[in-house]
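A.B. asks: Please read through the structure below; I'll follow up with questions.
Residue numbers (UniProt numbering): 1 to 1030.
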C-alpha cells in the first residue's frame, strides 16, 4: 500500500482510494477534521441551512430578491463543493451515504438553477413556450424540496464527520436519526399549518388530526414490517419496535375514523403520550441512555398533553383564524423531542463518556439546536407573511389550523366589569381593548338620553370553553354564532324606540349590507366612519324610517372612506375594502362584524390581491362565498388605465386569485363607476366609464348597448351587444335583481355632457333580461324619486329599497324609496313579515358566443364587443322577393295611370260637340223656337232683347230701351247654345259666308261676359239694361 493510501498516517489530504481495513469500526479516520473541511461544513450549512430556505420563501412570495439570494446560495454551494474535494486531515469511508447523496444534491441544484435561468429569459415561443407551465411547476416544487434535501445532506454530513452509523451500529443509528428527523419535520409542518395552513384545512374540510392520523397509520405500517430483520431470530428490540408499529397503525385507523368531516380528535395526542411512555420503559445498554430517553419521553408526553388541552379547552369555533400562544407548545415539543432522539444513539452516548460530558449538559445543547431550528422556521414563515401582507401578529386574525376564536360578550352598561380579562388585547393594540364602547345614537341628535342607557360594551373572552373533544361540526358553530348575534342585536334594538327619524346622515358611494333585519351602510363619507343602521324588523315606512347610528372614532387604521366596497362573506363576516381617502390597511381589506361593530384584519393569502383602488366592484357569489372583483382606478394612479382584471377572493379561505378567463382576440378596456351582478353563476358588468378604444381621450362613458359577461363555471368572458329598448348612457347608477331570478333592474345615475357638465339621469326604470341580453323600459306607477345617483339599491322580498346617494353635485339624498317590483309601483311602506334579501335563481342562462368569434361591433370604447347571437337575422331572399314584388306593382300602377290618362284625353276630344254642362234631363214643355234638338234640352238659360245692338239705327225701340218690353225679349235656352256650338264645328270644317247666326250668338255671349267685367263697368251697366233677366 503506497504512501497516498496511508495518507491518514501522515496527515495527507482527501482520497477515495483507501484501505478498507482502516474502517473496521468507524467510517472516519482519527485525524483532525482540518480547516478546509471545517470551511466546507460552514459553507454547506450556510447554503442549505440558511440561503436556500430564504430564497425559497422569497420565491414563494414573488419577491425581487429571490434571484439574487438563489444565485448567492448556488455560489456558496459551488465553493463548498470544491472544498470537499480539496480537504486534508480526516478521511472517510468511500461508500458513506453522504458521498452518494451528494450526487442528488448536485443535480437538484443544477436543475433548479437551469430552470430559473430558463424562466428568467421568458422563452415563450415554440416548444419552449408550450412546456413553460410544466417547467414552472417543476421549478417551484424542486425549489421547495432543496431545503429538505439540504437538511438530509447536513445530517448525513454530521454522521460522516463523526464516523457514526457504521457497522453494527447502523440500524439503531438510522432509526434514531430517521425517527428524530420525522419529529422535527412534523413539528415544523404543524407550525406551518398553525400559521398559514387554515385555508387549506377549510377548503378541504379536514382537521389537522385527520392528516395526523393518516401519517401515523402509514408510519405504523412501515415500522411493523421493517423493524425486524426477516430471516433472523427475534430479539427484544424487534418486539419493542414492531409492537410500536402495530399500535401506531391501529391508533391511526381510529384517528382517521373519529376525525372525519372536519372533526377534531385527541387520538394522535394520546398515541404520542403512549409512545413517550414506551420509550421511557425501553431497556437501554449504554450509560446515560436511559436518562436521555426518559427526558425524550417527558418532552413527547408534554407535547401530546398540550395538544389535548388545546383541542378540548383552548380551541374555540367562532373564529377559525386566531393563534393562541398555547398552540405553539405541540409543534415546539415535537421539534425538541426530535433533536433529543437524534442525539441519543449508542455511539453518541458512548462518545460522551469518553469526553466526560455530563448528559444534562448534552441535553441542553440538543434542546438549544431545537430552539434555533424552531425560531428559524418561524422567522421564514413570518417573512413570507410580511412579504405577502399576511397578518403577522398573534392577536390578529390568521389561518390557524385549530380554528381558535374569541367569544364576544355584550352587556348594556359600559361600567360593568362582566368577563374582565387582562390577557387578551385588541386587534390593533389599543389600550381600551377590553372596554371598547359601541354607541347606538340618534342620528338627528335631537334626543338627550343618558349615556349608559344606550351603550353596548363588548370584549374578547378568553374563558375556557370545555366541549366534546372530537366535535368540530358546523352545526354547533352556527348555534353559537347565531345565539351571540341575536343577543347582541336584541340589545342594539332597544334604543330604536327613541331614535326614529326621517333622514339619514349623508352618504354617497357607500355599500349596504343586510344582517339580521338591519341594514348597515358602510363607507360613503370622507369625514366619519360611523355606520348608519336602518332597522327593518318591522318593515320600512318611508315617512318614518327607523335609523340608528354607531358612533366610532377614527384612528390610524380605521379611517373614513368612500368609493370602496363591502360584501357579506362566509360565517356572516362583512369584508370591507376602502376606496379613496383611507388607510392602507382599509384599502387592503378589513373585516367588520355587524353585531359588535368590531373591525379586524382578516387572514389573506395576498399574493394576487389587486392594488388598492377605488370605484371598483366586488360581487359575492352566495353559492360559494367567493367575491369577484372587477375594474377600478388604482390609488397610485399615474397615467395608468382603469383596471380590466378579474380577481376572486375566497372568504372561506382568505385566498386571492387573479383570474385569466378566455376572451376574444381583442383588448378588453378597463372600467370604473359601473355595476356588476351575479345571476346563475354569470357575472354581468355594464355601464360606467371605460378607456377610449382609440386611446385618444381619457375616460369614455360606456353605454348599455353592450354588457361584459363572465361565466364563472366556464372561466370565459365575452362583451356582448344588447338588444331592445336600450337605456341612455349613465354612471353611478344602482342595480338590483328582478323577481324572476334572471333579470337586472337598473335605476338612477348621472351623465356628463361633452363639456364635462354634470347632468342627473331621469328616474326611468330599465330591466335587462340576462337570458337574452334584451332591455326593456318598465312603466312604473306611484310617485317616483327625483334624480339620484351614487346611491344604494337593496333587494328585500318583492321590493327594491333605494337609499343614500346624491341628488346633484352638492346635495345628498336623505330619504328612503321603495319600488314594488311585483306590481311595478313606488310605494310608501311594506311590513316586516318574512324578510329576505335573496331571490331564487331563474332557470335560464345566456349562452356566451365563442371566444373565437370575430363578429365584432366597433364601439368607440370597446373593440371587443361581439354581436348578440339572438339578434333577429335579416333574410336576403325575403328582401329580394319584396323588392321584386313592389317593383312589379309600381310598374303596373304606372302603366294603368298612363292608360287612363290617354283614354281620358281622347274621350274629352270626342265629346266636344256635346257639352256636358247642358246635358240635363228636364220635363218636356212647349218652347217656341225649340228647334230640332227636342224639348228635353229646352230649359232656359237667360232672357235677352231681341235686338242685336241697341245703337243700331234700324232698331225701332231705341227710345224705349229703359222700359221692360215683353214683346221685345227672347229666352236663350240650352238648345240654342248647342245649336251654336254645332254651328261653330261646321263652320270650322266648311266655312260659310253667311255669318248671321254665328254673329248673333257671339254678340249674346259677349254681352253676358261684359256683365262681370270691371274694366267695362259703364258698358256693363248699359248691357244690364239690355239683359232683362239672368
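Every residue gets a Cβ at the ideal spot worked out from N, C-alpha and C, and that includes glycine. All values reported here derive from a predicted model rather than from experimental measurement.
Closer than 8 Å by C-beta to residue 753: which residues in its own chain qualify, once you throw out the five before and the five after it? Chain order, please.
C.D. replies: The sequence position of residue 753 within the chain shown is 753, counting from 1. Within the same chain, residue 753 has close Cβ partners 759.
A.B. asks: Given a cut-off of 8 Å on the beta-carbon distance, is the pair residue 518 and residue 536 in contact?
C.D. replies: To locate residue 518, count along the chain shown from 1; it is residue 518. To locate residue 536, count along the chain shown from 1; it is residue 536. In contact: residue 518 and residue 536 (Cβ atoms closer than 8 Å).
A.B. asks: Output yes or no for whether 8 Å exceeds the beta carbon distance between residue 251 and residue 216.
C.D. replies: One-based indexing of the chain shown puts residue 251 at position 251. One-based indexing of the chain shown puts residue 216 at position 216. Contact flag set, yes.
A.B. asks: Could you give the DSSP three-state label for residue 335: helix, strand or coil?
C.D. replies: Within the chain shown, numbered from 1, the residue matching residue 335 stands at position 335. Helix, per DSSP.
A.B. asks: Going by DSSP, what residue range makes up the alpha helix (DSSP H) through residue 221?
C.D. replies: The residue given as residue 221 occupies position 221 in the chain shown. That run of the alpha helix (DSSP H) goes 208–226.
A.B. asks: With respect to the alpha helix (DSSP H) encompassing residue 150, which residues constitute its N-terminal and C-terminal limits?
C.D. replies: What you label residue 150 is simply residue 150 of the chain shown in a count that begins at 1. Its alpha helix (DSSP H) spans residues 132–162.
A.B. asks: Quick one, which of 45, 336, 314 and 520 has its alpha-carbon nearest residue 188's?
C.D. replies: Residue mapping note: residue 188 aligns to position 188 of the chain shown, counting from 1. Of the candidates 45, 336, 314 and 520, the one whose C-alpha sits nearest the C-alpha of residue 188 is 336.
A.B. asks: Does residue 899 pass the burial test, meaning 16 or more other C-beta atoms within 10 Å, or should it be called exposed?
C.D. replies: On the chain shown, position 899 is the one that residue 899 refers to. Exposed: under 16 other Cβ atoms inside 10 Å.
A.B. asks: My assumption, with CB atoms under 8 Å, is that residue 777 sits in contact with residue 789. Please give the rounded CB distance.
C.D. replies: Position 777 of the chain shown holds residue 777. Position 789 of the chain shown holds residue 789. The C-beta distance from residue 777 to residue 789 rounds to 19 Å, too long to fall under 8 Å, and the pair is not in contact.
A.B. asks: According to DSSP, what are the bridge partners of residue 1032?
C.D. replies: This structure gives no information on residue 1032, because the portion of the chain shown stretches from 1 to 1030.
A.B. asks: Residue 532: which of 974, 513 and 699 sits nearest, CA to CA?
C.D. replies: Here residue 532 refers to the residue found at position 532 of the chain shown. Taking only the C-alpha atoms, the option nearest residue 532 is 513.
A.B. asks: With contact counted as at least three CB pairs below 8 Å, one residue from each stretch, are the segment 790–803 and the segment 840–851 in contact?
C.D. replies: no
A.B. asks: Which residue wins for smallest C-alpha separation from residue 599, given the options 33, 574 and 613?
C.D. replies: The residue given as residue 599 occupies position 599 in the chain shown. Ranked by Cα distance from residue 599, the first of 33, 574 and 613 is 574.
A.B. asks: Within a Cβ cutoff of 7 Å, which residues of the same chain sit near residue 302, ignoring the five residues on either side of it in sequence?
C.D. replies: Within the chain shown, residue 302 is the residue found at index 302, counting from 1. These residues qualify, in order along the chain: 333.
A.B. asks: Less than 8 Å between the C-beta atoms of residue 701 and residue 689, yes or no?
C.D. replies: Here the question's residue 701 lines up with position 701 in the chain shown. Here the question's residue 689 lines up with position 689 in the chain shown. Yes, they are a contact pair.
A.B. asks: Between residue 315 and chain C, is any beta-carbon pair separated by less than 8 Å?
C.D. replies: Absence of chain C from the displayed structure is noted, only one protein chain being present.
A.B. asks: Could you give the C-beta distance for residue 584 and residue 560, rounded to a whole number, given that I count them as a contact under 8 Å?
C.D. replies: Position 584 of the chain shown holds residue 584. Position 560 of the chain shown holds residue 560. Going by Cβ atoms, the distance from residue 584 to residue 560 rounds to 14 Å, so no, they are not a contact pair.
A.B. asks: For residue 294, which residues in the same chain have their Cβ closer than 7 Å to its Cβ, ignoring the five residues on either side in sequence?
C.D. replies: In the chain shown, counting from the first residue as 1, residue 294 sits at position 294. If we look at residue 294 and ignore the five residues flanking it on each side, its Cβ neighbours are 280.
A.B. asks: Between residue 780 and residue 825, which are expected to be in contact by the criterion C-beta below 8 Å, what is the C-beta distance as a whole number of angstroms?
C.D. replies: Looking up residue 780 in the chain shown gives position 780. Looking up residue 825 in the chain shown gives position 825. Indeed they touch by this definition, with Cβ atoms about 6 Å apart.
A.B. asks: Out of 275, 615, 138 and 720, point me to the one whose CA is closest to residue 859's CA.
C.D. replies: Here residue 859 refers to the residue found at position 859 when the chain shown is read from its first residue. Among 275, 615, 138 and 720, the Cα nearest to that of residue 859 is on 720.
A.B. asks: Does residue 347 come out as helix, strand or coil in the three-state DSSP assignment?
C.D. replies: Here residue 347 is taken as the residue at index 347 of the chain shown, counted from 1. In the structure shown, residue 347 sits in a helix (DSSP, three-state: H, G or I).
A.B. asks: Determine, using beta-carbon pairs with one atom in the segment 340–354 and one in the segment 363–374, whether at least three such pairs fall under 8 Å.
C.D. replies: Touching, yes, given that three or more Cβ pairs across the two stretches are closer than 8 Å.
A.B. asks: If you follow the alpha helix (DSSP H) that residue 824 is part of, which residue opens it and which one closes it?
C.D. replies: On the chain shown, position 824 is the one that residue 824 refers to. That residue, residue 824, is in no alpha helix (DSSP H); it is neither H nor E in DSSP.
A.B. asks: Can you tell me whether residue 676 is helix, strand or coil according to DSSP?
C.D. replies: Reading the chain shown from its first residue, position 676 is the one you call residue 676. Correct three-state label for residue 676: strand.
A.B. asks: Would you tell me roughly how many angstroms separate the C-alpha atoms of residue 363 and residue 292, rounded to the nearest one?
C.D. replies: By one-based count along the chain shown, residue 363 stands at place 363. By one-based count along the chain shown, residue 292 stands at place 292. Distance between the alpha carbons of residue 363 and residue 292 is about 7 Å.
A.B. asks: Per the contact definition of three or more C-beta pairs closer than 8 Å, is the segment 654–663 in contact with the segment 707–715?
C.D. replies: yes
A.B. asks: For residue 623, count neighbouring Cβ atoms within 10 angstroms of its own Cβ and tell me buried if that reaches 16, exposed if not.
C.D. replies: By 1-based counting over the chain shown, the position of residue 623 is 623. Its Cβ having fewer than 16 others within 10 Å, residue 623 is exposed.
A.B. asks: Measuring CA to CA, which of 197, 209, 201 and 222 is closest to residue 179?
C.D. replies: The residue labelled residue 179 in the question sits at position 179 within the chain shown. Nearest C-alpha to residue 179: 222.
A.B. asks: Report the three-state DSSP secondary structure of residue 1046 (helix, strand or coil).
C.D. replies: The structure shown has nothing for residue 1046, since the chain only spans 1 to 1030.
A.B. asks: Rank 607, 76 and 184 by C-alpha distance to the C-alpha of residue 654 and give the top, closest one.
C.D. replies: Walking along the chain shown from the start, residue 654 turns up at place 654. Of 607, 76 and 184, the residue nearest in Cα terms is 607.
A.B. asks: Can you look up residue 776 in the DSSP assignment and give me helix, strand or coil?
C.D. replies: Here residue 776 corresponds to residue number 776 of the chain shown, with the count starting at 1. Strand.
A.B. asks: In three-state DSSP terms, what is residue 981?
C.D. replies: Taking the chain shown and counting its residues from 1, the one referred to as residue 981 is at position 981. Helix.
A.B. asks: Between which two residues does the beta strand (DSSP E) carrying residue 759 extend?
C.D. replies: Residue mapping note: residue 759 aligns to position 759 of the chain shown, counting from 1. Note, residue 759: beta strand (DSSP E), 758–760.
A.B. asks: Taking the C-alpha atoms as reference points, what is the distance between residue 628 and residue 328?
C.D. replies: The residue labelled residue 628 in the question sits at position 628 within the chain shown. The residue labelled residue 328 in the question sits at position 328 within the chain shown. Each residue's alpha carbon lies about 35 Å from the other.
A.B. asks: Tell me which same chain residues have a C-beta within less than 6 Å of the C-beta of residue 352, skipping the five on either side of it?
C.D. replies: For this step, residue 352 is matched to residue 352 along the chain shown. 362, listed in sequence order.
A.B. asks: Locate the beta strand (DSSP E) running through residue 576, then write down its first and last residues.
C.D. replies: Looking up residue 576 in the chain shown gives position 576. Counting along the chain, the beta strand (DSSP E) containing residue 576 begins and ends at 574–577.
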